[in-house]
Amino acid sequence: MKTTCTLSRLGFLVALAWGLAPAAHGAVFVQCPGDSNQDAVIDNPALHPNAKCMHLSGGDGFVTMADGYLQYIFGFSDLTGVLPEQAMSEGMLAANFPAPTIALKQGQQFYLSLTNAGMAIRPDLFDPHTVHFHGFPQAAPVFDGMPEGSIGINMGATITYYYNLIEPGTFMYHCHMEATEHMQMGMLGSLYVDPIQNRTGIGGSLAAPDLSTVAAKEGGAGPYGYVYNDGDGSTAFDVEIPIQLGSFDPAFHDASYTVQPLPFAEMKDKYPMMNGRGYPDTVNSASLPPPIDPETGESANGGKVSQPVSSRVTATAGQKILLRLSNLSVTNFYTVTALGLPMKVVGTGAHILRGPDGTDTYYDTSSVTLGGGEAADVIVDTGGAAPGTYFLYTTNLNYLSNNTEDYGGMMTEIVIN
Amino acid sequence: MTKTLLRLGHALVAALALGAGGASAVVDGITGPVFNLTARADYITAGDGASLLAWGYAPDDAHPGHFQDVMQYPGPTMIVNEGDEVIVNLKNALPMPVSMVFPGQSGVTTSCDSATGGTPGALTCEAPPDGTTTVTYTFTASHPGTYLYHSGTRPDLQVEMGLVGAIVVRPAGFDEGTNRTAYGDAGSAYDHEYLFLLTEMDFQVHEQVAINLMAGLPPETGVNTADFTSEYWFINGRAAPDTMMAAGAGTPWMPTQPYNAMPRMFPGERLLMRVIGGGRDLHPFHHHGNNSWTIARDGRLLESVPGSGNPDLAVSDFTVKVVPGNTYDAIFEWTGKGLGWDIYGTVALNPHTCTADTSGFDVVTREWCADHDKPLPVVLPNQQDLAFGGFWSGSPYLGAAGALPPGQGGLNANAGYFHMWHSHAEKEITNNDIFPGGMMTMVIIEPRVEGVTIP
Ligand SMILES: [Cu+2]
């Protein structure tokens with residue numbers, strides 16, 4: 086009785102804090118249940134066990150291509166944990182590529198706040214931004230981020246998207262505002278949702294989990310995780326990595342940087358990447374150092390790390406590696422292969438590869454082809470593979486390059502110990 | 214963006230008001246089984262207003278929603294019934310030989326076989342450029358499904374010029390009023406069907422052909438189709454925003470492009486997408502709103518037991534990988550199930566009830582009753598902080614129009630939910646350097662309210 090009373094009183098306070106008090110015009114305004122200081126961190130997670138909050142900024146910044154070229158980008162950065170009064174300054178020139186990976190769980194209510202931090206390098210631009218949760222099931226326009234049918238957020242203000250997560254799988258997200266431009270410029274990231282089976286185990290429920298098969302990710306005795314609610318463990322894996330394929334056209338980025346007309350029709354991508362880097366940067370397990378402006382020798386973005394995501398995969402022989410593959414190139418289809426290692430596709434389009442009546446359609450392959458906006462869940466079984474270094478790379482061989490530099494591009498290593 | 218889409222206003226409203234003349238429950242096309250066509254030259258309009266010389270198949274006869282003797286891009290969608298003996302009579306008013314091939318159809322015979330018209334070509338029987346010779350193609354439409362046809366003469370050049378079209382074969386037992394299925398069984402049943410024939414064009418080829426003809430040269434002179442780089446991308450022969458305008462007589466200024474791509478549905482309905490890779494490039498066709506089930510490819514149901522009618526090998530995805538020459542039939546459904554808030558607003562905002570059937574949906578509106586009366590969990594930003602899309606009703610709720618600043622929104626007459634369906638190679642949602650446009654349209658999920666009907 087006492088608990089109930091406290092909870093409902095808290096609920097009322099929360100409503101006061103973020104339900105009934107609309108922000109003043111042009112203010113950072115983060116909506117997250119049980120978050121009294123609007124830093125997108127829930128004060129007492131035990132009171133909101135199924136809520137998840139995140140705060141992104143949308144703006145511009147810089148990254149370094151694998152041949153050393155400084156590239157101007159638009160992008161997102163993670164402001165979770167930042168107080169609203171610091172959000173604009175933290176979000177300025179902070180664009181990451183790829184955008185911060187969003188890792189979610191089925192059953193969560195996800196509150197995603199997006200603050201438009203403006204374009205520090207292009208003060209002439211007043212572009213709004215959005216987040217499009219690509220593939221979100223049964224979507225309503227208000228939270229779909231497709232600006233022609235809904236709304237975008239203007240500079241200096243915040244929109245909070247709400248997603249009730251009922252489907253697991255590998256999705257992706259991107260800004261959909263002036264989509265061709267903002268996506269070529271880099272507002273792209275990985276997003277995936279763990280299945281409830283991670284927490285229930287096979288055949289269990291949240292109330293009565295099957296402890297022997299609850300995922301190790303969730304503290305259980307089972308495999309590290311499952312990709313889907315397969316009911317039989319057939320999507321179990323030991324190691325997981327989201328790998329987002331993408332590519333930049335430096336001429337387009339440079340035109341944006343120098344305030345020139347944007348070459349849409351001439352768009353030709355020259356920097357193929359995995360998770361925002363070309364080989365060999367893909368196998369650097371650390372963050373890339375902050376981008377340097379070659380003209381001044383100083384940091385181009387105030388010393389911010391903008392490429393923290395490595396694509397190097399390490400596993401022990403016998404383990405199953407889950408590759409959460411997606412492609413957000415705005416120009417090309419890409420085929421990737423894991424030379425010498427078997428690939429099993431267990432899901433596409435954030436859906437287990439099973440027919441409407443559950444018929445299994447998993448398939449074994451040595452290559453996967455993805456166009457922009459496509460995703461696949463690929464399990465690489467390293468049982469029987471000799472220890473060593475294997476390569477995951479595009480078989481569109483001209484894209485094994487970093488612009489004019491040969492031998493690079495869309496490739497990474499899978500190291501089996 | 215808003216300005217571009219605002220230009221659409223009147224034509225779009227016309228599309229929605231016209232019903233049969235605009236978005237239709239069945240794909241626009243001409244019914245056979247005998248089709249009389251002439252390959253002709255004319256101009257088409259790209260999404261940026263540019264005019265391109267194009268070649269297309271023109272219907273020789275009068276058909277509702279079509280322009281007699283006017284070449285069209287794509288060619289007329291030929292709608293036939295399973296088992297029909299299909300007869301296509303083709304004449305040629307172009308400056309070079311032309312023909313038709315029918316991928317996916319077997320046993321095609323031609324008038325060359327019987328030496329009753331035409332000249333044997335590399336792929337099939339060709340009609341000489343005399344405007345009078347009739348070439349006849351005959352085949353039995355033995356399998357229901359979605360197919361394409363295109364020129365079999367210099368297809369690298371002639372398909373680029375526009376000589377491509379769709380074929381829909383209705384299954385035995387099909388009835389537009391009472392039994393809408395793609396393949397004859399419940400697994401392919403649908404409420405509405407729409408065609409998405411995806412193509413692209415390189416305007417330099419069209420300019421070169423036009424220059425050649427003016428100079429009295431053969432049309433293909435100096436055309437290098439291996440250098441193909443497209444600047445325009447089309448759905449059913451139109452580039453956005455024209456995809457969203459009325460069809461046929463509703464847009465008399467586009468007689469050579471009579472088909473639109475304006476899918477509409479109510480919550481809980483099944484929408485059949487007939488998707489065709491009609492050009493040279495692959496296109497990732499992303500449909501916002503929900504996953505679809507691809508139930509058939511190239512006119513064959515994805516079933517483990519042939520003839521069962523059960524598409525148990527169907528694939529769920531949010532993007533259809535459209536490969537040149539392939540066709541796909543996909544079922545798209547949308548209900549808003551599980552959003553965690555009431556898509557019609559709370560009862561206080563919008564008095565309404567939810568009476569669940571055994572599946573948990575309201576018996577009439579198909580509202581997901583488990584979310585009934587749940588408020589939107591967040592507060593939306595102030596109007597000054599928002600950029601508004603032309604298709605935004607001003608409200609997050611289905612069927613509810615909200616207040617919008619002057620000049621914003623305005624293209625969403627019924628306060629439906631608009632979701633973009635487009636090539637996710639976003640370079641292709643432009644019209645020759647101008648964004649937005651190209652291979653893009655919107656589906657409208659309409660509220661189930663009085664006065665809103667979908668044929
Ligand atoms: Cu943006």
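Residue numbers (the working numbering), protein chains in the order written: chain A, 86 to 502; chain B, 214 to 668. All C-beta atoms in this analysis are idealised placements derived from N, C-alpha and C, irrespective of residue type, glycine included.
Check: If we ignore side chains and look at the alpha-carbon of each, how far apart do residue 280/B and residue 527/B end up?
Finding: As a working note, residue 280/B is residue 67 in the second sequence. As a working note, residue 527/B is residue 314 in the second sequence. Computed Cα separation, rounded: 38 Å.
Next item on the list: Confirm, please, whether the CB-CB distance from residue 311/A to residue 324/A is below 8 Å.
Entry: Looking up residue 324/A in the first sequence gives position 239. Looking up residue 311/A in the first sequence gives position 226. Taking 8 Å as the Cβ cut-off, residue 324/A and residue 311/A do not qualify as a contacting pair.
Next item on the list: Answer yes or no: the CB of residue 218/A versus the heavy atoms of ligand 1, is any distance below 7 Å?
Entry: The residue given as residue 218/A occupies position 133 in the first sequence. No, the beta carbon of residue 218/A sits no closer than 7 Å to any heavy atom of ligand 1.
Margin query: On the criterion of 16 or more Cβ atoms from any shown chain inside 10 Å, does residue 424/A qualify as buried, or is it exposed?
Written below: Counting from one through the first sequence, the residue named residue 424/A turns up at place 339. With fewer than 16 other Cβ atoms within 10 Å, it is exposed.
Margin query: For residue 344/A, count the other beta carbons within 10 Å of its own beta carbon; 16 or more makes it buried, fewer makes it exposed. Which is it?
Written below: The residue you call residue 344/A lines up with position 259 of the first sequence. Per the 10 Å Cβ criterion, exposed.
Margin query: To test your reading of the DSSP string, which unbroken alpha helix (DSSP H) runs of 4 or more residues are found completely within the region 361-398 of chain B?
Written below: 368-374
Next item on the list: Starting from the beta carbon of residue 552/B, find every residue of chain A whose beta carbon is closer than 7 Å, and list them in chain order.
Entry: The residue given as residue 552/B occupies position 339 in the second sequence. Chain A residues near residue 552/B: 223, 225, 249.
Check: Name the chain B residues whose beta carbon is nearer than 7 Å to that of residue 415/A?
Finding: Within the first sequence, numbered from 1, the residue matching residue 415/A stands at position 330. Here the neighbours are 638, 639, 640.
Note to self: Can you determine whether any heavy atom of ligand 1 sits closer than 7 Å to the C-beta of residue 322/A, and answer yes or no?
What the structure shows: Numbered from its first residue, the first sequence carries residue 322/A at position 237. It does not: the Cβ of residue 322/A is nowhere closer than 7 Å to a heavy atom of ligand 1.
Notebook entry, point to check: Measuring CA to CA, which of 275/B, 320/B, 282/B is closest to residue 296/B?
Noted result: What you label residue 296/B is simply residue 83 of the second sequence in a count that begins at 1. The shortest Cα separation from residue 296/B among 275/B, 320/B, 282/B belongs to 320/B.
Item checked: Host alpha helix (DSSP H) of residue 196/A (start-end) -> The residue you call residue 196/A lines up with position 111 of the first sequence. Careful: residue 196/A lies outside any alpha helix (DSSP H), inside the beta strand (DSSP E) at 194-203.
Notebook entry, point to check: Comparing the CB of residue 267/A with every heavy atom of ligand 1, is any distance shorter than 7 Å?
Noted result: Taking the first residue of the first sequence as position 1, residue 267/A is located at position 182. It does: the Cβ of residue 267/A is within 7 Å (strictly closer) of some heavy atom of ligand 1.
Next item on the list: Mind listing the chain B neighbours of residue 320/A? Cutoff is C-beta to C-beta under 7 Å, in chain order.
Entry: By one-based count along the first sequence, residue 320/A stands at place 235. Residues of chain B passing the Cβ test: none, with the nearest at roughly 15 Å.
Item checked: Option in 205/A, 279/A, 143/A with minimal Cα separation from residue 193/A -> Reading the first sequence from its first residue, position 108 is the one you call residue 193/A. Nearest C-alpha to residue 193/A: 279/A.
Checklist line | chain A contacts made by the region 532-550 of chain B, where a contact means CB separation under 8 Å | finding: 532, 534, 547, 548, 549, 550
Notebook entry, point to check: So what does DSSP say about residue 261/A, is it helix, strand or coil?
Noted result: Translated into the one-based positions of the first sequence, residue 261/A becomes position 176. In the structure shown, residue 261/A sits in coil (DSSP, three-state: anything other than H, G, I, E or B).
Check: Short check: CB of residue 501/B to CB of residue 634/B, under 8 Å?
Finding: Taking the second sequence and counting its residues from 1, the one referred to as residue 501/B is at position 288. Taking the second sequence and counting its residues from 1, the one referred to as residue 634/B is at position 421. A contact, by the Cβ cut-off of 8 Å.
Item checked: residue 405/B - partner residues in DSSP beta bridges -> The count along the second sequence starts at 1 and reaches residue 405/B at position 192. Answer is 484/B.
Item checked: Anticipated Cβ contact below 8 Å, residue 161/A with residue 142/A, distance rounded -> For the purposes of this step, residue 161/A is identified with residue 76 of the first sequence, where counting begins at 1. For the purposes of this step, residue 142/A is identified with residue 57 of the first sequence, where counting begins at 1. Going by Cβ atoms, the distance from residue 161/A to residue 142/A rounds to 7 Å, so yes, they are a contact pair.
Notebook entry, point to check: Who pairs with residue 291/B in a beta bridge, going by DSSP?
Noted result: As a position in the second sequence, residue 291/B is number 78, starting the count at 1. Its beta-bridge partners are 243/B, 380/B.
Notebook entry, point to check: When the Cα atoms are used, what is the spatial distance from residue 357/A to residue 495/A?
Noted result: Taking the first sequence and counting its residues from 1, the one referred to as residue 357/A is at position 272. Taking the first sequence and counting its residues from 1, the one referred to as residue 495/A is at position 410. Rounded to whole angstroms, residue 357/A to residue 495/A spans 5 Å at the Cα level.
Note to self: Going by DSSP in three states, residue 168/B sits in which element: helix, strand or coil?
What the structure shows: Residue 168/B is absent from the model: chain B starts at 214 and stops at 668.
Check: Sorted by chain position, which residues of the same chain lie with C-beta nearer than 6 Å to residue 133/A's C-beta, five sequence neighbours on each side aside?
Finding: For the purposes of this step, residue 133/A is taken as residue 48 along the first sequence, with counting starting at 1. Around residue 133/A: 118, 119, 127.
Next item on the list: Could you please give the first and the last residue of the uninterrupted beta strand (DSSP E) stretch that includes residue 272/B?
Entry: Taking the first residue of the second sequence as 1, we reach residue 272/B at position 59. 264-272 is the extent of the beta strand (DSSP E) around residue 272/B.
Item checked: Residue-level contact to chain B via CB, residue 418/A, 8 Å cutoff -> As a working note, residue 418/A is residue 333 in the first sequence. Yes, residue 418/A counts as interfacial toward chain B.
Check: Of all the CB atoms in chain A, is at least one closer than 8 Å to the CB of residue 560/B?
Finding: Taking the first residue of the second sequence as position 1, residue 560/B is located at position 347. No - not a single Cβ of chain A is within 8 Å of the one on residue 560/B.
Item checked: Assigned exposure category for residue 407/B - 16 Cβ within 10 Å defines buried -> The residue labelled residue 407/B in the question sits at position 194 within the second sequence. Counting Cβ neighbours within 10 Å, residue 407/B comes out buried, since at least 16 surround it.
Note to self: Against residue 563/B, what residues of chain A qualify as contacts under a CB-to-CB distance less than 9 Å, listed in chain order?
What the structure shows: The residue labelled residue 563/B in the question sits at position 350 within the second sequence. Correct list: empty, because the minimum Cβ distance to chain A is about 15 Å.
Margin query: Three or more C-beta pairs under 8 Å: does that hold for the region 431-451 of chain B against the region 511-527 of chain B?
Written below: no
Note to self: Our contact map puts residue 610/B next to residue 556/B with C-beta atoms below 8 Å; I'd like the distance itself, whole angstroms only.
What the structure shows: Translated into the one-based positions of the second sequence, residue 610/B becomes position 397. Translated into the one-based positions of the second sequence, residue 556/B becomes position 343. At roughly 6 Å, the Cβ-Cβ gap stays under 8 Å, so residue 610/B and residue 556/B are in contact.
Check: Can you tell me where the alpha helix (DSSP H) with residue 172/A in it begins and where it stops?
Finding: Here the question's residue 172/A lines up with position 87 in the first sequence. Residues 169-176.
Check: Can you give, in chain order, each stretch of the beta strand (DSSP E) that sits fully within the region 292-356 of chain A and has at least 3 residues?
Finding: 324-333
Check: Under 7 Å from any heavy atom of ligand 1, does the C-beta of residue 229/A make it?
Finding: The count along the first sequence starts at 1 and reaches residue 229/A at position 144. No.
Notebook entry, point to check: When you compare only the Cα positions, how much space is there between residue 250/A and residue 191/A?
Noted result: Locating residue 250/A in the first sequence gives position 165, where the first residue counts as 1. Locating residue 191/A in the first sequence gives position 106, where the first residue counts as 1. If I take the Cα positions, the gap works out to 5 Å.
Checklist line | First and last residue of the uninterrupted alpha helix (DSSP H) at residue 409/A | finding: What you label residue 409/A is simply residue 324 of the first sequence in a count that begins at 1. Looking at the DSSP string, residue 409/A is not in any alpha helix (DSSP H); the run it does join, the beta strand (DSSP E), is 405-412.
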